[in-house]
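Residues in the sequence shown are numbered from 15 upward in steps of one, following our numbering.
Cβ atoms here follow ideal geometry from the backbone N, Cα and C, with glycine treated the same way.
This one's a predicted model, so the numbers in the text were calculated from it and none came from an experiment.
Have a look at the structure below, then the notes.
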Amino acid sequence: MDTFIGCDFGGTKLLIGEIDEDGKILQSKRYDTGIKKHTEAADYILSCLTDYKDQVGFLGTPKAAGAGVVGVVDYENGIWKSIDHVENTPIPLASNISELLGVPVAVDNDVKCATKAEMMFGQGKYSDNFIYLNIGTGISAGFVVEGKILRGANNNSGEVGHCVVDITREELCICGRHGCVESIASGSGFTNQVFCLYDQYPTKLGKLNTGDKANISEIFHLADEGDGLCKKLTEQAILNISNLIMNLVRTTDPDTIILGGGVLSDGWLLPKICEKFNASTMRGVRNGVIQSSFNPGLVGLIGAGAQGIEIYRELHS
Ligand SMILES: [Zn+2]
């Protein structure tokens with residue numbers, strides 16, 4: 015059986031696995047991360063791949079591999095350029111992994127990998143013009159236009175978390191602007207907002223200490239019960255995400271919007287976001303705004319493997 019190796023490197027975990035041609039995960043192993051520098055992360059990825067090869071082994075015959083990593087990736091040349099958009103040390107990750115595994119390797123940004131998973135095996139199969147919007151710790155998107163993932167001059171397309179959706183905001187985003195959607199409606203945005211608004215609204219939500227993260231499902235649950243702070247947090251997130259989506263619709267004219275990521279995965283926000291849409295703006299989105307069918311914890315691995323499938327097919331077409 016022909017199989018493909020996927021390697022999904024995120025902020026907290028590294029998942030390595032083997033998928034078949036239909037995108038089904040045959041087996042996988044999780045490794046803990048927490049590494050801040052991509053030079054160290056690249057070495058760690060190689061040592062975990064060596065462990066996987068030796069300890070788990072392969073069920074089929076791997077034909078190619080793909081790796082998805084956070085940050086900026088030069089997909090064409092298989093170079094991991096930066097993990098944080100600040101430090102820029104080019105790492106030839108594709109050729110390093112290829113040397114280790116003995117198969118061709120593609121490397122891409124993690125959200126672009128998830129977008130590839132949607133294109134090949136998910137809701138994106140039915141569209142050549144869709145947007146995959148990921149709302150997890152941060153917010154970013156994969157734009158598929160006329161069947162291709164947009165990359166941009168610096169491989170930096172899709173950083174839509176830094177679209178300003180509220181010009182009245184005073185708090186500063188990490189990017190240096192005010193009112194970015196990520197600082198309000200992402201996982202880290204909810205945490206920021208709990209700190210900013212905690213003393214202004216009555217709440218049953220526990221106070222956060224420095225370094226704590228907001229519990230999103232608890233916030234949704236308390237908002238349903240009428241909790242003052244949680245209603246405020248969710249109302250502003252709903253409004254700002256719906257504004258972001260409508261701005262993106264005006265940018266690339268998609269027929270489908272696929273929502274992924276941990277903040278959206280339980281479906282609580284989706285109908286509330288849709289209520290805020292302007293019908294005229296959304297009229298061309300004929301397949302609707304829909305939830306990803308993938309488990310948010312696994313879509314990156316499937317997408318990384320899908321990059322391997324694509325590079326293998328390109329080499330054999
Ligand atoms: Zn920003």
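{"Query": "Distance, S197 Cα to K210 Cα", "Result": "Per the sequence presented here, residue 210 reads as Cys, with Lys not at that position. Taking the straight line from one Cα to the other gives about 11 Å."}
{"Query": "Other residues of its chain near V179: CB distance less than 7 Å, five sequence neighbours each side excluded", "Result": "G193, V195, N254, N257, L258"}
{"Query": "Burial state of T182 (16 or more Cβ within 10 Å)", "Result": "exposed"}
{"Query": "Reduced DSSP secondary structure (H/G/I, E/B, other) of F234", "Result": "helix"}
{"Query": "Beta-carbon proximity check, L315 vs G20, cutoff 8 Å", "Result": "yes"}
{"Query": "Bridge-paired residues (DSSP) for F23", "Result": "L28, V83"}
{"Query": "Of the listed residues I287, K221, K130, N206, nearest to I323 (C-alpha basis)", "Result": "K130"}
{"Query": "contact_flag[the region 159-172, the region 232-248] where n(CB pairs < 8 Å) is 3 or more", "Result": "no"}
{"Query": "Same chain, Cβ closer than 7 Å to P268, five either side skipped, listed in chain order", "Result": "N143, F144, I145, V299"}
{"Query": "Beta-carbon gap between G1 and S42 smaller than 8 Å", "Result": "Here the chain comprises residues numbered 15 to 331, so residue 1 is not present and cannot be evaluated."}
{"Query": "Member of A79, V277, L60, D22 whose CA lies at the smallest distance from the CA of Q305", "Result": "V277"}
{"Query": "Residue interval of the beta strand (DSSP E) (run including G156)", "Result": "153-159"}
{"Query": "Any non-hydrogen atom of ligand 1 closer than 7 Å to R191 Cβ", "Result": "yes"}
{"Query": "Where the alpha helix (DSSP H) through F204 begins and ends", "Result": "201-211"}
{"Query": "Short Cβ contact (8 Å threshold) for A155 with V125", "Result": "yes"}
{"Query": "E196 CB to nearest heavy atom of ligand 1 below 7 Å", "Result": "yes"}
{"Query": "Residue closest to I233, alpha-carbon to alpha-carbon, out of S112, K51, A199", "Result": "A199"}
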